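Structure first, then comments.
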Amino acid sequence: MNSELNLYFDNAATSWPKPEPVYGAAERCLRGSWGNPGRSGHTRTLEADRLVYRARETLARFFHIADPGRIVFALNATDALNMAIKGLLEAGDHVLYTAMDHNSVLRPLGGLRRAGLISTTMIPCSPEGYPDLDFMERSFQRRTRLLVINHASNVLGTILPLKEMATAAHRHGVAVLVDASQSAGAVPVDLAAAPVDMLAFTGHKGLLGPPGTGGLYVRPGLDLKPWREGGTGSHSEMDLHPETMPERLEAGTLNSPGLAGLIEGIKFIEETGLDKIRAHEVTLRKRLRRKLEEIKGVTVYGPADDDRCTAVLSFTLEGVDCGELGYILESSFGIICRTGLHCAPLAHQAAGTFPQGTVRLSPGYFTSDKDVDYLAGAVAEISAFTRAR
Ligand SMILES: Cc1ncc(COP(=O)(O)O)c(C=O)c1O
């Protein structure tokens, strides 16, 4: 037992530690008295402007987006998903989404549905998290405007067939919104290979940047109603929000220190190699699953094929409430993980773990085999103790 350990298995919530240059870049930006990007012509503002543009360029390169000006910064993925959903949909529209979606999709859709503005259909998923594609094909309607795809489940680690689903939607003339919260930085997200209409990302998970960063890619030709209006530093004479992108969907002061850190997080991924990061994380998931499955009373959820998953693994231990298990792991062993429904109740219904939830383990690039072995040892100890009770 080592309650002081602080062994971090919650990278799906927010990644930690960050690569060293992330801390340095954010601090330099804060200390350096940089100006407010886009707000003036003095040297400090121009420096901040260049930083923001570099962030757009870095993201465009990373996601294979041709025009960096189509990337709009947001507070996080939730903000970007709201921007997409509320900016696109009109009264009478129909929306398809899957059981793997997060509350940051389910709640905006639920609010619009309850207000009588839209109708929705949920595409059911198997217990492993794979969507029923035949059901999806049958569910496109004349008024279907949008298909939302969670690229990777934050509960089961399942990677959804993005290209196949997006192609089907486009065949029906339906726009595609991808939630890349769990996939960006974990698996390749290549919009040149799998074109989509909108992609929401968050900076503080797999992209290894600071919280308060994220954004939305909107494909050329697609116009969204602004989600917030206000100061942009441009067209100040107008009392209407500008129509030019990215200002159309951005208002207020941007998080320059956060973006400075995000650039470094992405640079770290590019320099290390996404393949190398992915290979390490898949190896960790395999080891985790194999070791947990050997423990009496443990049930592991999600796909058994780790090569088709991100490094997210959910499990339960017979006879122990998952909240209690998370508490014991932290207080007695110094292991940090997340328990409960993970803001994705439908994913738990699909997996058969609703309403009690699971213990979710999400190692990251900085997690070692030794960390996994220690965690498995801790669960084995708790299992043995529970059985002896
Ligand atoms: C699949 C998924 N979508 C959306 C979000 C929301 O991300 P954020 O908290 O950065 O807004 C999360 C975060 O846990 C997620 O896992």
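My numbering puts the first residue of the sequence shown at 2, with every later residue one more than the last.
Cβ atoms here follow ideal geometry from the backbone N, Cα and C, with glycine treated the same way.
Just so you know, these numbers come straight off a predicted model, no measurement behind them.
State buried or exposed for Glu295, treating a residue as buried only when at least 16 other CB atoms are found within 10 Å of its CB. Taking the first residue of the sequence shown as position 1, residue 295 is located at position 294. Glu295 comes out exposed.
Using the Cβ count rule (16 or more neighbours within 10 Å means buried), how would you classify Ser369? The residue given as residue 369 occupies position 368 in the sequence shown. It counts as exposed.
Proximity test, Gln183 beta-carbon vs ligand 1 heavy atom, cut-off 7 Å: In the sequence shown, the residue the question calls residue 183 occupies position 182. True, at least one ligand heavy atom lies under 7 Å from that Cβ.
Mind reading off the beta-carbon distance from Pro211 to Gly259? Whole number of angstroms is fine, and I expect it under 8 Å. Here residue 211 is taken as the residue at index 210 of the sequence shown, counted from 1. Here residue 259 is taken as the residue at index 258 of the sequence shown, counted from 1. About 5 Å separates the two Cβ atoms, so the contact holds.
Determine the DSSP secondary structure at Tyr131, reduced to helix, strand or coil. Here residue 131 is taken as the residue at index 130 of the sequence shown, counted from 1. Looking at Tyr131 - three-state DSSP - the assignment turns out to be coil, as it is neither helix nor strand.
For Gly215, which residues does DSSP report across the bridge? In the sequence shown, the residue the question calls residue 215 occupies position 214. Answer by DSSP bridge pairing, in chain order: Ala75 and Thr203.
Contact under 8 Å by Cβ, Leu393 with Ala85: Only positions 2 to 390 of the chain appear in the structure, and residue 393 is not among them; the question remains open.
Work out the CA separation of Thr354 and Val96 for me, nearest whole Å. Here the question's residue 96 lines up with position 95 in the sequence shown. Here the question's residue 354 lines up with position 353 in the sequence shown. Cα to Cα, Val96 sits roughly 26 Å from Thr354.
Measuring alpha carbon to alpha carbon, tell me which of Ser237, Ala92 and Phe367 ends up nearest Thr273. Locating residue 273 in the sequence shown gives position 272, counting from the first residue. It is Phe367 whose Cα lies nearest to the Cα of Thr273.
Please classify Asn7 as buried or exposed, where buried requires at least 16 neighbouring CB atoms within 10 angstroms. Residue numbering aside, residue 7 sits at position 6 when the sequence shown is read from its first letter. Its Cβ having fewer than 16 others within 10 Å, Asn7 is exposed.
Thr159 and Glu138 closer than 8 Å at C-beta: For the purposes of this step, residue 159 is identified with residue 158 of the sequence shown, where counting begins at 1. For the purposes of this step, residue 138 is identified with residue 137 of the sequence shown, where counting begins at 1. For Thr159 and Glu138, no; Cβs fall outside 8 Å.
Residue closest to Val301, alpha-carbon to alpha-carbon, out of Gly88, Arg309 and Arg291: Position 300 of the sequence shown holds residue 301. If we check each option's Cα against that of Val301, Arg291 comes out closest.
Going by DSSP in three states, Met123 sits in which element: helix, strand or coil? Counted from its first residue, the sequence shown places residue 123 at position 122. Looking at Met123 - three-state DSSP - the assignment turns out to be strand.
Local Cβ density within 10 Å of Gly174, reported as buried at 16 or more and exposed below that: As a position in the sequence shown, residue 174 is number 173, starting the count at 1. Exposed.
Using a threshold of 8 Å, state whether the C-beta atoms of Ala351 and Ser127 are closer than that. Taking the first residue of the sequence shown as 1, we reach residue 351 at position 350. Taking the first residue of the sequence shown as 1, we reach residue 127 at position 126. Result yes, Cβ atoms of Ala351 and Ser127 sit closer than 8 Å.
Which same chain residues, not among the five before or five after Ala92, have their C-beta less than 8 Å away from its C-beta? Mapped onto the sequence shown, residue 92 falls at position 91. Leu118 and Ile119, listed in sequence order.
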